[in-house]
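First up is the structure itself, then whatever we jot down about it.
Numbering (the working numbering), first residue to last: -2 to 738.
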């Protein structure tokens, strides 16, 4: 039996998966080196051959005529000797004359004398043959012999006539000339510039290229979707288009391929995690359907891994601002490619939390949540928030939380607040706080004396006693060390507000099942309210308004009346010191609190009496006796220079009615405190709405309250006057300005 020829099998996807990137790079480098060395060797051989041919051509060949003359001279001498040796007296005169004539003919030397055919029979024919040979040009011995191709013979009356044909041989000189012509042509091509296209022609050409690429991408994608198991190899072809080299369409094609692959993986990925096969499973024989499924799964995991690596590399190139050698994509286009790559990763994070390499995607996404680029940071934060909302099992959420925790620690707790706000979207339903604390901080129980006496020997009791003593000392040391660590964390005012906001978001909504009274957070916020910035950088007011809404309004059942009274009083005091937009937000919050806690209207009554004295400097809202004070700040705010602040103050003095003359307009009553704060923002440092000017025809000095920053006296006047403008004598004006200085 003939031995079967061993066929080289194509490497499987698993083998490709195991092959490292370094090994593939080394193989590629070796292949390129071999090609270069082969080409170099071939060029050297061609050069040597050309030099040898030039040397041969330059040498002068030995003339053929001299050889012929020498040969003829020698031949003449030999003939003369033979003639002298022949017995000429025995020959007739006719025979002698014939011999002389034959001797002068060249055919006589080559004629076969053994043939009995008379010479004169084919005399004319021989003469034509000789003339033909004489006309053939002589050739040098240096010329190479021509190769002959044997053709089919021809048969006629005389017999079989063989036929041959010379094989065409291309001379070396001809090759040199052709190579020189090609080199000249290449040089001309490189030197001559490409024909310049008009703008319209360039756009048409670019659209045509882009349309062809789109059709190709659509064809590959539709083939994969129609039969993923059979066409899984086309994923590699589609992924290769991520390295498009045509500079006209490279950026758009790469973006389209990234999005197409992302959608394909979302569609063809199974609803389970694919694990690698064991050696036993690989060795066992399976059916064709099972083998086909295994190959599909291996190919899918392999291509998915390479796709994620490509996305990661695109983001790294943008971060490091590295320009590729090909210069196909400019540095400006890196940002757009990176945004599409991040968008694809976010989609896969949300859509495939169960599939392979999900933790790798989390590791890529979490640092980008803290990115300086706002668009990328928002995309990543939204993706994590979606994952928290739809995660029912909690495994994916746990993985994200672990990575975020490690990242925050690595950044020394200096991160964007949006990253921490993502925790507010966690699905917290039921938590056994007592059990969790016991599991985390489970105190080790020491054996009693009776238990030791029963179960341990005397030597074991001594060892046990020493062991317990050492553990107590270690616990004391850990407690002191943890206290020092806590003291090292000095949080800023904004960070404290974020912590309070996060804590109460956890305790609200789904966290209502937690029976906890976070008194420390209320005390901390009540104490730090007066630290708010009163200037243009009052962004912290928005966080305070959100905290008050979560702490007091949404948890009204857990908030006591004393606590609500204390916060309303402190907020009214705070409204006197901040910008108009902050005052409007604070007064809107007080309006909501007065509706939520109806008994707080006693702060509007001056005749009410209570036990104790109000202690405004006390930091405990439960024990400051806020029921013994009144909201006198509202009367000062009613004369505020901003009309909306005036309106809110008058509304609160009247008891915050929903109907009547003192009721608010719908555009003020239907908006939340945060929305009002943003609507009447003072970032541009101008009035919103603008304040009307007075009639210039009136006599006296007119003060226009257009900008309280430009006119020092305007704020003082508007604090004590309820009109838009006021007329004052010039002397009084000078007096006020002098006193202000």
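Glycine is no exception: its CB is placed at the ideal position from the N, C-alpha and C atoms.
In this text the structure is predicted, and so the values were computed from the model without any measurement.
Residue i CB to nearest heavy atom of the ligand GTP below 7 Å
| i | result |
| --- | --- |
| residue 456 | Looking for the ligand GTP in the displayed structure turns up nothing, as the structure carries no ligands at all. |
Terminal residues of the alpha helix (DSSP H) in which residue i lies
| i | result |
| --- | --- |
| residue 609 | Counting along the chain, residue 609 falls outside any alpha helix (DSSP H), and DSSP gives it neither H nor E. |
| residue 212 | 196 to 223 |
| residue 403 | 392 to 407 |
| residue 377 | 371 to 387 |
| residue 640 | 640 to 650 |
| residue 331 | 328 to 348 |
| residue 360 | 355 to 366 |
| residue 582 | 577 to 593 |
| residue 276 | 276 to 280 |
| residue 229 | Here residue 229 belongs to no alpha helix (DSSP H), and DSSP marks it neither H nor E. |
| residue 623 | That residue, residue 623, is in no alpha helix (DSSP H); it is neither H nor E in DSSP. |
| residue 352 | That residue, residue 352, is in no alpha helix (DSSP H); it is neither H nor E in DSSP. |
| residue 259 | 247 to 265 |
| residue 415 | 414 to 418 |
| residue 268 | Unbroken run through residue 268: none, as it is neither H nor E. |
| residue 666 | 663 to 666 |
| residue 671 | 670 to 676 |
Residue interval of the beta strand (DSSP E) (run including residue i)
| i | result |
| --- | --- |
| residue 286 | It is not in any beta strand (DSSP E) - residue 286 instead sits in the alpha helix (DSSP H) that spans 285 to 317. |
| residue 156 | 156 to 163 |
| residue 145 | 145 to 153 |
Own chain residues within Cβ distance below 7 Å of residue i, not counting five before or after
| i | result |
| --- | --- |
| residue 331 | 314, 315 |
| residue 352 | 266, 270 |
| residue 500 | 515, 518 |
| residue 406 | none |
| residue 527 | 571 |
| residue 183 | Annotation note: pLDDT 45 at residue 183 (below 50); position unreliable, coordinate value reported separately. Hits under 7 Å: none found. |
| residue 231 | 217, 220, 221 |
| residue 453 | 461 |
Euclidean distance between Cα positions of residue i and residue j
| i | j | result |
| --- | --- | --- |
| residue 582 | residue 419 | 25 Å |
| residue 565 | residue 590 | 7 Å |
| residue 611 | residue 628 | 12 Å |
| residue 341 | residue 640 | 50 Å |
| residue 84 | residue 155 | Annotation note: pLDDT 47 at residue 84 (below 50); position unreliable, coordinate value reported separately. Each residue's Cα considered, the two are about 41 Å apart. |
| residue 357 | residue 569 | 51 Å |
| residue 416 | residue 360 | 14 Å |
| residue 675 | residue 578 | 8 Å |
| residue 275 | residue 286 | 19 Å |
| residue 150 | residue 163 | 15 Å |
| residue 557 | residue 648 | 25 Å |
| residue 554 | residue 548 | 11 Å |
| residue 241 | residue 326 | 10 Å |
| residue 199 | residue 337 | 26 Å |
| residue 716 | residue 670 | No answer about residue 716 holds up, because its pLDDT of 47 lies below 50 and its placement is not dependable. |
| residue 410 | residue 490 | 14 Å |
| residue 329 | residue 251 | 15 Å |
| residue 152 | residue 159 | 9 Å |
| residue 636 | residue 659 | 16 Å |
| residue 170 | residue 31 | The predicted model places residue 170 with a pLDDT of 49, which falls under 50 and marks its position as unreliable; any figure quoted below should be read in that light. Each residue's alpha carbon lies about 29 Å from the other. |
| residue 38 | residue 50 | 19 Å |
| residue 524 | residue 344 | 44 Å |
| residue 403 | residue 468 | 29 Å |
| residue 181 | residue 291 | Confidence in residue 181 is poor, its pLDDT being 47 and thus under 50, which makes the residue's placement unreliable; the coordinate value appears in the next sentence. The straight-line gap from Cα to Cα measures roughly 56 Å. |
| residue 157 | residue 147 | 14 Å |
| residue 289 | residue 237 | 24 Å |
Cβ shell of residue i (< 8 Å), same chain only, five flanking positions each side left out
| i | result |
| --- | --- |
| residue 354 | 301, 302, 305 |
| residue 145 | 161, 162, 163, 164 |
| residue 387 | 347 |
Same chain, Cβ closer than 6 Å to residue i, neighbours up to 5 away in sequence not counted
| i | result |
| --- | --- |
| residue 650 | 631 |
| residue 678 | 578 |
| residue 235 | 217 |
| residue 396 | 356, 359 |
| residue 575 | 531 |
| residue 378 | 366, 415, 419 |
Short CB-CB distance (under 8 Å) between residue i and chain D
| i | result |
| --- | --- |
| residue 335 | In summary, chain D is missing from the structure at hand, where a single protein chain is found. |
In chain order, which alpha helix (DSSP H) runs of at least 4 residues are fully inside the segment 495 to 575? You should have 516 to 525, 537 to 545, 558 to 572.
Determine contact between the segment 381 to 389 and the segment 290 to 300, defined as no fewer than three beta-carbon pairs at a distance below 8 Å. As far as the Cβ criterion goes, the segment 381 to 389 does not touch the segment 290 to 300, which means the pair count is below three.
Would you say the segment 566 to 582 touches the segment 521 to 538, given that touching needs at least three Cβ pairs under 8 Å? Result yes; three or more Cβ-Cβ pairs closer than 8 Å.
Taking three-plus beta-carbon pairs below 8 Å as touching, is the segment 248 to 266 in contact with the segment 213 to 226? In this structure the segment 248 to 266 touches the segment 213 to 226; the number of beta carbon pairs closer than 8 Å is three or more.
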